[in-house]
Structure formats: structure tokens, C-alpha cells
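Colleague:
Protein chains: 2
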Amino acid sequence: MFASAKIGRSLSKEAYKEGIEALRTELLEAQIALRERNIPVYLIIAGMEGAGKGQVVNALDEWLDARGVSVYAFWDESDEERERPRAWRFWRAMPRRGEISVFFGGWYLWPIEQRFAGAWDDAALDQSMSGVRELERMLIDDGAVIVKCWYHFAEDVQRQRLKALTRSDRSRWKMLPEKSHFSEQYQQFEEIADRVVRSTDIGRAPWHIIEATDPRYRDMTTGRILLNAIQKALAQPPHADRRLDDSPTNTDDELLPNSPETRITLLDSIDLSQTIERSEYRKRLDELQAELNDLAWRAYTHKISTVLVFEGVDAAGKGGAIRRVTQAVDARLREVIPVAAPTDEENAHHYLWRFWRNIPRAGRMTIFDRSWYGRVLVERVEGFTAPPNWARAYREINDFEEQLSGAGIIVQKFWLQISKDEQLARFEARENTPYKRYKITDEDRRNREKWDEYREAVNEMLARTSTPHAPWHLIAGNDKRFARIQVLETVTAALREALRNKAG
Amino acid sequence: MFASAKIGRSLSKEAYKEGIEALRTELLEAQIALRERNIPVYLIIAGMEGAGKGQVVNALDEWLDARGVSVYAFWDESDEERERPRAWRFWRAMPRRGEISVFFGGWYLWPIEQRFAGAWDDAALDQSMSGVRELERMLIDDGAVIVKCWYHFAEDVQRQRLKALTRSDRSRWKMLPEKSHFSEQYQQFEEIADRVVRSTDIGRAPWHIIEATDPRYRDMTTGRILLNAIQKALAQPPHADRRLDDSPTNTDDELLPNSPETRITLLDSIDLSQTIERSEYRKRLDELQAELNDLAWRAYTHKISTVLVFEGVDAAGKGGAIRRVTQAVDARLREVIPVAAPTDEENAHHYLWRFWRNIPRAGRMTIFDRSWYGRVLVERVEGFTAPPNWARAYREINDFEEQLSGAGIIVQKFWLQISKDEQLARFEARENTPYKRYKITDEDRRNREKWDEYREAVNEMLARTSTPHAPWHLIAGNDKRFARIQVLETVTAALREALRNKAG
Chain A
1 MFASAKIGRS LSKEAYKEGI EALRTELLEA QIALRERNIP VYLIIAGMEG
51 AGKGQVVNAL DEWLDARGVS VYAFWDESDE ERERPRAWRF WRAMPRRGEI
101 SVFFGGWYLW PIEQRFAGAW DDAALDQSMS GVRELERMLI DDGAVIVKCW
151 YHFAEDVQRQ RLKALTRSDR SRWKMLPEKS HFSEQYQQFE EIADRVVRST
201 DIGRAPWHII EATDPRYRDM TTGRILLNAI QKALAQPPHA DRRLDDSPTN
251 TDDELLPNSP ETRITLLDSI DLSQTIERSE YRKRLDELQA ELNDLAWRAY
301 THKISTVLVF EGVDAAGKGG AIRRVTQAVD ARLREVIPVA APTDEENAHH
351 YLWRFWRNIP RAGRMTIFDR SWYGRVLVER VEGFTAPPNW ARAYREINDF
401 EEQLSGAGII VQKFWLQISK DEQLARFEAR ENTPYKRYKI TDEDRRNREK
451 WDEYREAVNE MLARTSTPHA PWHLIAGNDK RFARIQVLET VTAALREALR
501 NKAG
Chain B
1 MFASAKIGRS LSKEAYKEGI EALRTELLEA QIALRERNIP VYLIIAGMEG
51 AGKGQVVNAL DEWLDARGVS VYAFWDESDE ERERPRAWRF WRAMPRRGEI
101 SVFFGGWYLW PIEQRFAGAW DDAALDQSMS GVRELERMLI DDGAVIVKCW
151 YHFAEDVQRQ RLKALTRSDR SRWKMLPEKS HFSEQYQQFE EIADRVVRST
201 DIGRAPWHII EATDPRYRDM TTGRILLNAI QKALAQPPHA DRRLDDSPTN
251 TDDELLPNSP ETRITLLDSI DLSQTIERSE YRKRLDELQA ELNDLAWRAY
301 THKISTVLVF EGVDAAGKGG AIRRVTQAVD ARLREVIPVA APTDEENAHH
351 YLWRFWRNIP RAGRMTIFDR SWYGRVLVER VEGFTAPPNW ARAYREINDF
401 EEQLSGAGII VQKFWLQISK DEQLARFEAR ENTPYKRYKI TDEDRRNREK
451 WDEYREAVNE MLARTSTPHA PWHLIAGNDK RFARIQVLET VTAALREALR
501 NKAG
């Protein structure tokens, strides 16, 4: 992979001077076009120690308009980062549409370090790279440009470079003693780098191997690669993003979801006639809430986090069910996120970004009142997003939830269902109670007219996104009390099991 | 202060039932009006241990529309919080305009705990409360409503309550053993609480002492207090906020800044004819950058953070000066924040919120390319905000910077000045360099026409906001090289001194 980076390429001072002005002008023009077209760019700067990655970034800093460029080094983790899925720190650093995020090492540095330190074997590295491919695929599907640069040079060049660095920038090497192993173990590092680069050198986000021996060559090549990548993206027809687009231009190989198995209507399986006696309800509610209070504290002690998702038809009783949970859990341990229309900052990012922002810290509980499933429900039914976007979302959501669960977070999802008659009765009751009147809007009425379309969307969602690590629970909601007890029983059972596993 | 909270007030079940429906309806109506009028509300829930603060929040949760209410408990700090000024965690939790943030304990809990634990004496507590008054004043000036509730009861009531809690909610008390002292030391706690409540019981944000013996009385009283406060704010004419308002309705006692001392034009004191030889520049640049690299690493080791602010007339060379700093400091240690138009999330908060978001973690450096001083420069000159708002900002900014400096952060501010002729020459040069053409906009031309108005605003800014802990440095910018060396010398000197103080 790296032979091309050991042939001593360089650029004369004159050639550099001659080319640089045109390059800067074109880069700025590209950056302006990028902003107009709302394309987010990820520039990953990775490679050998001593290759001058910091200098490359300084050069780009000078060439580009600083408004719209952010530089991130993923270095020592904060406890807020440690307590969440590993990818959380990258999610926090996502560029807005039309802006450029420069990532030192990107999502590649940590896996390489794990393998190099011997904490991982090749299989673990490969699995991690498969996750990286998924992440990059998702970002590209969302319209992003990913430019990956790997800086490399021959062993003797690196040896000289590190020696020189040690003289001129001593403090740095004092600070990072563990990094100095890299030069001694050039061979081993290169082998790992080769494995990483090969397994993530994908068509839509290829690696660029750049020889780092000569700074002028290195910097200008980087500038040209970035420019080319942006220009290529600009030459594409606009990406079908969050708005409805009749002619989806996404060339993805994703199948549209017409597979027959989704015709099995899971919703039909809910027995809506189930009820619970009022006295029995009181008793169970007290028991379950007392237990949940205790479990939530124990989960805190064991740093087990919980994500609860509540979805359901309008007036199904989501709010009441959520309150029965929050009443039981100490307010310091839980947060409710009501999901409404996105802000412009949220709209300027991937649709999952607003949820990534709200992942709980260790031992806490976050309750989503509506969630990322809006993508495959309201956005699909109302046509707010093009079919390829919501079709792709099943996979993106499964992947997202797998990352949560992989980080040890309990993920439980509730679908609250009521019958169409019961919904009408509740709408009417709300209109007759002054303080409930605010809860009913014209939108609710309109949604009701699309009952069957929503039903189809819900069935498909349940079929495609119910996974062992993030199951859907279908809750029969015609009897509110019955629904609440079901929810509390499910939540307590999940916490109990997680705590048992922790102890065992 | 608390005698009124020990007389056994209660509310019968019937009275509660009778009143609750009207209260809920009115609260929802008030919440809707709040949203339309863009008024942010802070509800502080503080008081004795065992008073049922969590239950109050649960009741409000049920009564209010959850979209637009966030609940925050400031409990165990994360390292990201610990590494910033103490108020940072509150800044993170500020409500958007039109929304309600409920704060458990608010900014009162920690000072009370410090005093109670004996870590502070009365003087330290008083000083802290003076900071609290400043904070609340700033928020109210920004149009916020602050509702402060203190829940209290007699000693014997608390003793019974804590005993009962220990039975029903054991896990909680297992978790918080240090809190159980509170009941034993009722007298001492009440004395401290009295001091805190008295010293922050200000006209525009009074304390409400609520007897917490009877839950129905406690909850409904809270609801009524919140409702009254919102209704009172709604009855006021609209607050002159970020838009220009010809008739400022702010009844603040702030003086408009016409005091004679600001007529001294500090800008005149800059000798713009100063230059440096090119060879001397090269030599000093190398020396200073090498030293800065070392200092930045040492500051990292000693967890000393730095905030640099760059302001200046258009084309004064801010970007070039900033790059001479960033070239020297490892990219992992610094971040540049270019300040452009605010996003809607930023607009929905206090104008300082967007800067609070970007305070560096321990040992890092954040460089602001333009800053919060926009409030007293562009917003003032262009009339984007009403006079009382920018007039008030001097004090708010001084207070903000004092908090940074109080948390051990180095704050250095640079004003880059060039002559009017030099600016014209640079505008013309930019137009003749293709990649620089993008740096010049019609706005720059317009700003140039307001040269004298800006000059007056700058002079006043320099006079009012140059403080020992956050000094302004006037940089003669006609010779770019001279300016850069001045900046580097100032930054290295500040870091050197901070490190010496740390060591000494």
C-alpha cells in the first residue's frame, strides 16, 4: 500500500510558488460553493508519527476561510466521553452542512493504537474497521464528502525526522513518551496501517497515500486532493437530503423495503382488550415504582445507562406512561427529551446528530418522547424525506442502537397502540377538558386521516428494527393503567437483568 | 425568614381538586404566551432536605407541556465541568427564550454546602452570593424571569420526614449518606439558608418561602407562584432584546456611557509608525514560536487554560497574527473560534451563551477571532441592539471575564489598529490578489464609512473593559510583522508569568 510513498517525491520552491496562488483561489471558490450547496466535508489527517500532520493543518488553515473550518484532535478522553459509546466524541465534532471538519487521526487513531499496543488482535481490528465503513457509508449517504489522507515515508526518513523533532520540539516528546516507540517499531506500525488502510479503502471514500518527505509536496498535494474531492462532489446533482425530492438521485444499492415479510402486521398481534382492575393497578404501581427507584440507584452505582424510546399513535398515552417512570426515578438520574421540530443547528447536521447529543452519561436514564424513528414514521408518511433516505434509515438506526448497546447501555423501545375508536374518544375527551385542549392540534386530526399509511409504516419499522439488544415492546394502550404497568414491568425487568449480568 | 414556613399550612383534598384544573389551564396558557413572547424562565427549587423537591418537579412535569421544560440537577461534576469556571454547568443549562429550565438547588446548593461543610466562612459565602446577584441581574436584564422557591418546615417535621424517607426510599439514603447530617444539624443549616436567602432576596427575583409540610399545599403554591411570575412578565411591554428598539423599555438604573473619561482616546496613543526589520522579524518569530510551543505544553501539564481575544478594524491583520500563534501551539492544545453571525440556537439564548459554549478545557487555549465585544462594537454602531443593552454589556463582560480569570484562566485581549490609509491600501491589494478577493466584502466598505463611529465605540470599550485580570493590548498593525511579534511577546509573557506563579 505504501510503496508509492517512499520514492522521494518533492516539489521545488519555484513550482510551489507558481502553483500555490491558483490552488488557494480555487480552494476558496470551492469552499464558497460548498457552503451554498450545504455539503459537509470530513478531512481525515492520519499517518506516520513525525510526518508533519500539524503543519498540513496549519497550511490549510491559511488557505481556507477559517469560518467554516473546525479542527479536532481526539486525544485524551474526558469522563463525559468515556461514559458514552466510543463514537460519541466524533458525533460531537460533526461538521455542519457546508462546513469542513478536520480530524487528526479521525476514527482511525484509536483502533491502530489498540492493535499496536497488543490490546487487540487482527480480528478485533477488522471488526472495528467494519464499523468504520458503516459510519462512513452513513455519512456519505447523508451527502457528506470524506477525504482521507495518509502521510507516510520510508523508515530512514522517519528516523531522521523524529530525531530532528526531538531537538526542536522537545516538550512535545517529553509529553508523549509512548509515541516514541512508533519509530523503533516502524515495521510493525506499517503492517497495522496497511491493514487498516486496505480494509477501509472504499470507492466512495478512498485513501490518499501522500509521501511526507518533502513539506511542499506534502502540503500542496493535500490541498489538491481536497480541492478535487470537493469539486467532484459539486459536479454531482444536488443530494436528496431532508426535503422531499421527487427524483431521488441517491445511487445507493439499498433495496426499497417491499419485501413480503413486512406484510405480516405485527400490530394485529396486540390484544387491545386487555385491562387491569383499579385496585390491582394501585398495588402493582406502588410495587413497581418502589422497585424501579431501587434499580435506578443500583444502575447508577454500577454505571449502567438506560435509553428508553416511546413512540405511539397520537393520544395513546405516552406522556402518562413516561410520567409513571419518572415519578419512580430520582430526578438527578434521568432526563426526558421531548422530540419536536429540529432547530437549525440540528437541521444542519445528520438527522441522528440531535439524538447523539442526548446520550446519557454513565448510570443515567434518558427517555425519548418520540425519537429517531420519526425518520421512518412521520418523515416517510408525510413525504418530508425522499424514499431512499427513510429506506436507508432502518440500517442506520440499527447500527446506532447497536453502538449504544455495545457501550453497555440498556435500550428499550415502546410502541403504544390504541384502537381508532379509542383515539376518537380520547380526542373528544381532551376537547372537553380545558387544560387538555392544548394537547390536541389540527395535526393530530390530519394524522388520523392517514391512519392506514402510518399503520403500514409502523409495521415495517417494528419488523426491521426489533433487535435482541434493542427490542420493541408492543403496548396495548386502550386501558391506560394496563399500559403503564406493562411499561414499568418491562423497564424493571430490563434493569434487573442488566444488574444480574453485571454481578454474575 | 422562615417563621412563615412553620405554621402548618395545608390544603384539603377538596380545595386542591377544586383549584387544580383552573391552575393547569392557566399554566398551559401562560406557557404558550411565554413561547410567543420569547421569555426564558428559570425556576429554582431549593430548600430543606426531605421537603419533596422531586415531587414538586413531578407535579410541574404533569401540569406543563413537556416540550419547553428542562429539568437540571447539578450534582456530581464531570471533569469537563470541573475544568471550567464553576458557573459553566449553569451556562450549559440555560433555557432557550420561551422555555423553562427547572434547576434543583440552582446556583445556591453548592455555596450552601461549602459553608455547611466549613470549607467557607460567612465572608466567602457573602462574596459568592454577590456573584449570584450579578448573574441573576444579567439574566433578568436579558428578559428572563427568575422564580426562586425555598421549601422549608419545622425541625420536628423534617425529622419525621427523613425517617419516613429512609424507610420508603432506602437506596437513596444509602447513596447520599452525607445528606443525613442535614437533619441532625437543622439549626446550623437553617442559619446558613437564612443568610443565603436574605442576601439574594432582590426585588426583581425575590425568594418565595413555601411551607413543605403538606404536599398539596406545597405543590399548588408552587404552581401559583410560577403562574403569577409568568403572568407578571407577560403584562410588561416587550423586552428590548437583540433587535433595535427605538424606545428602550428597560427600566434599569444603568448609566448611559457618556462619562468624560471615555473621551480620552486610547487609540490615539498607538504609534502606528513602529516597524521591525525583516531579518530581525524572522529571528524573533523563530525564538518566540519555539518558546510558545514549550510554554503551551507546560501550561497543559499545569492545567493552565488560556483565552485569547482578537478584535481590530477590518484588514488589520487579525488572521495573520492568529496564525503565528497557532503555528507554534500543538493543534491538540488549541482551538480557534471564528465568530460569525449567530445560529438560531445561539440567538435563542443570552448573547454570551455562544462564548460560554467554547470555554477551553484545562490546559488548553481558545482563540476567539472576534468575540463577545461585538456587542459593544458592531451591534452598537449598526444599531442591532438597543442602547441600554450594549451599555449594560460592559459590566456583563467584565463580570464574565472575571469568572474566567477567577477559574485560573489566562485572559488576554488584542486590539489591532491600522490607519485609515493603510486600510484602503490593503483593501485595494486584496482586490488584486485572486485568493484574497474573498476576504473583502461590501460590508467592509460600509464599515469603513463608519470609521469614526467605530473609533468612538472602540475607545469606550478599551476604557471600560481593560482590567488587570483581562487586559487589552493595543497593537500597532501598519507593519504586519511588528504586530505579530507584539502579539507573540504578549502571549508568551502572560504564559510565562502564569507558570511562574503556579510554581512559586
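These protein sequence lines map, in sequence, to chains A and B. At position 148 of the first sequence the residue is numbered 148 (UniProt numbering), and the sequence of numbers has no breaks. At position 198 of the second sequence the residue is numbered 198 (UniProt numbering), and the sequence of numbers has no breaks. Don't be surprised by glycine CBs; every beta carbon is placed ideally from N, CA and C.
Have a look at the DSSP bridge pairing and note the partners of residue 541/A.
Modeller: An answer regarding residue 541/A cannot be provided, because it is not within the stretch 1 to 504 covered by chain A.
Colleague: By the criterion of Cβ-Cβ separation under 7 Å, what are the contact partners of V57/B in chain A?
Modeller: Simply A331.
Colleague: Kindly say whether Q327/B, judged by its beta-carbon, lies nearer than 9 Å to any beta-carbon of chain A.
Modeller: yes
Colleague: With DSSP as the reference, please indicate the residues paired to V71/B in a beta bridge.
Modeller: V102/B
Colleague: Since I believe E345/B is in contact with T343/A (beta carbons under 8 Å), could you give me their beta-carbon distance rounded to a whole number of angstroms?
Modeller: 5 Å
Colleague: Closer than 8 Å by beta-carbon distance: list the chain A residues that pair up with L308/B, in chain order.
Modeller: Per Cβ cutoff of 8 Å: no residues; L308/B is ~14 Å from chain A at best.
Colleague: Kindly indicate which residue of S305/B, W390/B, A316/B has the alpha-carbon position closest to the one of N358/B.
Modeller: S305/B
Colleague: Against chain B, which members of the stretch 420 to 445 of chain A pass a CB distance test of less than 7 Å?
Modeller: P434, Y435, Y438
Colleague: Under a Cβ-count criterion, where at least 16 other Cβ atoms within 10 Å of its own Cβ denotes burial, should D369/B be classed as buried or exposed?
Modeller: D369/B is buried by the Cβ-count criterion.
Colleague: Can you tell me which of the three DSSP states Q203/A falls into?
Modeller: According to the sequence displayed, residue 203/A carries Gly and not Gln. DSSP places G203/A in coil when its eight states are reduced to three.
Colleague: Could you have a look at Q55/A and say whether DSSP puts it in helix, strand or coil?
Modeller: helix
Colleague: Entirely within the stretch 106 to 151 of chain A and at least 4 residues each: give me those alpha helix (DSSP H) ranges in chain order.
Modeller: 109 to 116, 122 to 141
Colleague: Is it a yes or a no for the stretch 291 to 308 of chain A touching the stretch 8 to 27 of chain B, going by three-plus beta-carbon pairs under 8 Å?
Modeller: The stretch 291 to 308 of chain A vs the stretch 8 to 27 of chain B: no contact.
Colleague: When the Cα atoms are used, what is the spatial distance from R172/B to A212/B?
Modeller: Model confidence at R172/B stands at a pLDDT of 49, short of 50, so the residue's coordinates are unreliable; what they give is reported in the following sentence. Cα to Cα, the separation comes out at about 20 Å.
Colleague: Chain A beta carbons: is any one of them nearer than 9 Å to that of residue 517/B?
Modeller: Outside the modelled stretch of chain B, which goes from 1 to 504, sits residue 517/B, for which no answer is possible.
Colleague: Using 9 Å as the threshold, is the C-beta distance between L488/A and V339/A below it?
Modeller: no
Colleague: Does the beta carbon of A124/B come closer than 9 Å to any beta carbon on chain A?
Modeller: Taking 9 Å as the CB threshold, A124/B stays off the interface with chain A.
Colleague: Between E21/B and chain A, is there a C-beta pair that is closer than 9 Å?
Modeller: yes
Colleague: Does the separation of the CB atoms of W150/A and G47/A fall below 9 Å?
Modeller: A distance below 9 Å separates the beta carbons of W150/A and G47/A.
Colleague: What residues in its chain sit with their C-beta under 7 Å from that of E155/A, if we drop five residues either side in the sequence?
Modeller: Y186
Colleague: Could you check whether the Cβ of R172/A sits closer than 9 Å to any Cβ belonging to chain B?
Modeller: Reliability fails at R172/A, whose pLDDT of 49 lies under 50, so the model's placement of it is uncertain and no value is given.
Colleague: Could you work out which residues of chain A lie near A33/B, taking near to mean beta carbons separated by less than 9 Å?
Modeller: Neighbourhood of A33/B in chain A, by CB distance below 9 Å: empty, with the nearest CB roughly 12 Å away.
Colleague: Going by CA-CA distance only, name the one from W353/B, G408/B, K436/B that's closest to D142/B.
Modeller: W353/B
Colleague: Any Cβ of chain B within less than 9 Å of the Cβ of P338/A?
Modeller: yes
Colleague: Using the rule of at least 16 other Cβ atoms within 10 Å of the residue's Cβ for burial, across every protein chain shown, is A117/B buried or exposed?
Modeller: Its Cβ having fewer than 16 others within 10 Å, A117/B is exposed.
Colleague: If we count the other Cβ atoms within 10 Å of its Cβ and call it buried at 16 or more, is T251/B buried or exposed?
Modeller: Residue placement at T251/B cannot be trusted, given a pLDDT of 39 that sits under 50; what the coordinates show is reported in the next sentence. It is exposed - the Cβ of T251/B has fewer than 16 other Cβ atoms within 10 Å.
Colleague: Indicate whether S273/B and N478/B have their beta-carbon atoms separated by less than 9 Å.
Modeller: Yes; because the gap between Cβ atoms is below 9 Å, this pair is in contact.
Colleague: Using DSSP with H/G/I as helix, E/B as strand and the rest coil, what is Y351/A?
Modeller: coil
Colleague: List the whole-angstrom C-beta distance separating M365/B from L333/B, where the pair is believed to meet the contact cut-off of C-beta under 8 Å.
Modeller: 6 Å
Colleague: Pull up the distance between the alpha-carbon of V197/A and that of I146/A, whole angstroms please.
Modeller: I146/A has its alpha-carbon roughly 14 Å from the corresponding atom of V197/A.
Colleague: What residues in the stretch 465 to 484 of chain B have a beta carbon less than 8 Å from any beta carbon of chain A?
Modeller: none
Colleague: Within a Cβ cutoff of 7 Å, which residues of the same chain sit near A33/A, ignoring the five residues on either side of it in sequence?
Modeller: L234
Colleague: Counting only Cβ-Cβ distances shorter than 9 Å, please list the residues of the stretch 212 to 229 of chain B near chain A, keeping chain order.
Modeller: none
Colleague: Hey, could you find the ends of the alpha helix (DSSP H) T221/A is sitting in?
Modeller: 215 to 235
Colleague: Is it buried or exposed, S371/B, if we count other Cβ atoms within 10 angstroms and call 16 or more buried?
Modeller: buried
Colleague: Please identify, using Cβ separations under 7 Å, the residues of the stretch 57 to 79 of chain B that lie next to chain A, in order along the chain.
Modeller: The residues in question are V57, N58, D61, E62, D65, A66, R67, V71, A73, W75, S78, D79.
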